[in-house]
Structures are given as structure tokens and as C-alpha cells.
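Remarks on the structure that follows.
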Amino acid sequence: MHKIIHLDEIDSTSVYARKNLQNLNDFEVVSADIQTLGHGQFERKWYSSNKNGGNIYISIVLKPKNIEHLNELTRYASFKVAQTLEQYGLKPVFKYPNDVLIEGKKISGILAESVFLGNEFKGVVVGIGTNLNLDIKEAKNIDIPATSVFIETGKNINKDEFLNKLLDNFKNDWEDFLAYGNKGEMIC
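Each number in our numbering comes from the position in the sequence shown (counting from 1) with 40 added on.
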């Protein structure tokens with residue numbers, strides 16, 4: 041089972057994870073129903089909603105010993121999100137550098153941030169936002185074309201079930217990723 045710290049509402053799961061990194065374990069996950077200051081690359085705001093069963097707002101704490109391939113981590117995480125979405129019958133594509141799209145509409149964003157104390161690497165926090173149950177009305181309020189699993193399938197998605205599948209997928213190839221990076225089709 042996965043170790044998950046769940047919060048009803050927080051400014052940002054990634055900020056929480058970075059601030060508390062020394063007290064969190066490898067592969068510990070911080071999740072929230074709502075993020076008031078969730079953001080993506082270049083501090084772009086991530087729309088947060090808990091309607092209709094909610095969406096995924098998580099940060100995964102990673103403390104790998106081998107950091108040779110961490111520059112490829114966002115792609116790895118994007119692939120694992122896409123792999124999970126495929127389990128729901130969707131056909132996602134990766135848009136460099138950190139988005140997962142369905143037919144040109146954003147369904148997920150990933151942000152990996154390394155944490156250092158001075159010059160010493162302490163870990164990396166992988167923030168993942170995935171639209172599960174966002175409805176069409178909410179999607180239209182977002183400043184870029186967006187979609188959700190609900191919009192694409194017409195089915196309300198159980199957040200905990202999706203999260204567990206995502207974390208299982210993430211862990212499945214993790215050791216190979218650390219050793220070899222995104223080499224080969226098996227990983228990405």
C-alpha cells in the first residue's frame with residue numbers, strides 16, 4: 041500500500057512536500073482535495089476543483105541515490121500518467137515538456153522540482169495534477185483547452201482508485217528508470 045498524507049485543502053502539495061522533505065520518506069505522497077495556489081511550470085496557475093468527486097492533486101517525494109537520469113523525470117512521470125489514463129480507455133499523448141493531452145486538450149500537468157540543502161541533493165518532488173471529474177462548464181473556465189476523464193468517458197472516476205493505479209504504474213519501472221533513464225519503449 042502507498043503512504044499518502046491527505047489534506048482537505050492546502051496552498052500547494054508541492055510546497056508542503058518541499059518544506060517537509062526531511063520528515064517525509066521516499067515515495068511518500070501528499071494529496072489534497074483543493075489547492076489554493078497550485079501551479080505548473082513558470083508559476084502558471086493550476087485550476088483546482090473538488091466538484092463531482094474531484095481531481096488528482098498530488099506530490100510524490102522521491103529520494104533516489106542515483107540521480108543521473110533525473111533530468112528525464114518529468115517525461116517518465118508524464119508517461120506513467122498516460123499509462124494510467126490508458127487503463128480508462130483514453131489515448132493520451134505527451135506534449136513536451138510536461139503536459140499530457142487528449143486530442144489537443146490538457147488533462148494533466150507534471151512539475152518535478154529538486155530540493156537541495158546548500159549544494160547537497162535531498163530529493164525531488166513530483167507534482168501531478170490530473171483532471172478526473174472536471175465537467176464541461178468548469179473546463180470552459182480554464183484559459184487553455186482542457187478536458188477530463190469524465191468529459192471523455194462520461195463516467196465519474198473514483199479518485200482513490202485512480203491514484204493507486206497511478207502510483208503502482210509509477211513504481212513498476214522506477215528502478216529501471218533510475219538505472220537506465222528513458223531508454224527503450226518499456227519505460228517511455
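Think of the CB as a built atom: it goes at the ideal place given N, C-alpha and C, for glycine as much as any other residue. As the structure is a prediction and not an experimental result, all values here were calculated from the model.
Please name the residue or residues paired with residue i in a DSSP beta bridge.
i	result
S54	According to DSSP, S54 bridges with nothing at all.
E49	I74
F217	For F217, which the question treats as bridged, DSSP gives no partner whatsoever.
S99	V70 and G167
Alpha carbon to alpha carbon, how far is residue i from residue j?
i	j	result
L151	N65	19 angstroms
I98	I74	10 angstroms
K199	V70	14 angstroms
L130	L172	12 angstroms
F119	D175	24 angstroms
H79	A72	At H79 the pLDDT is 47, less than 50, meaning the model places this residue with poor confidence; the figure from the coordinates comes in the next sentence. Distance between the alpha carbons of H79 and A72: 14 angstroms.
E143	G158	43 angstroms
D216	D139	23 angstroms
W214	V133	20 angstroms
I182	K145	11 angstroms
T187	A122	14 angstroms
P137	I168	13 angstroms
E178	N196	15 angstroms
L141	K135	7 angstroms
K59	N111	22 angstroms
Q62	S54	14 angstroms
Report yes if the C-beta distance between residue i and residue j is below 9 angstroms; otherwise report no.
i	j	result
N204	H42	yes
I50	T76	yes
L102	F67	yes
T170	L125	yes
F210	I100	yes
On the criterion of 16 or more Cβ atoms from any shown chain inside 10 Å, does residue i qualify as buried, or is it exposed?
i	result
E201	exposed
T193	exposed
F190	buried
A219	exposed
E160	exposed
ask   = Any contact of the region 149-167 with the region 99-110, i.e. 3+ C-beta pairs under 8 angstroms?
value = yes
request  = Flag this pair as touching only if the region 140-155 and the region 113-132 have three or more C-beta atom pairs under 8 angstroms; answer yes or no.
outcome  = yes
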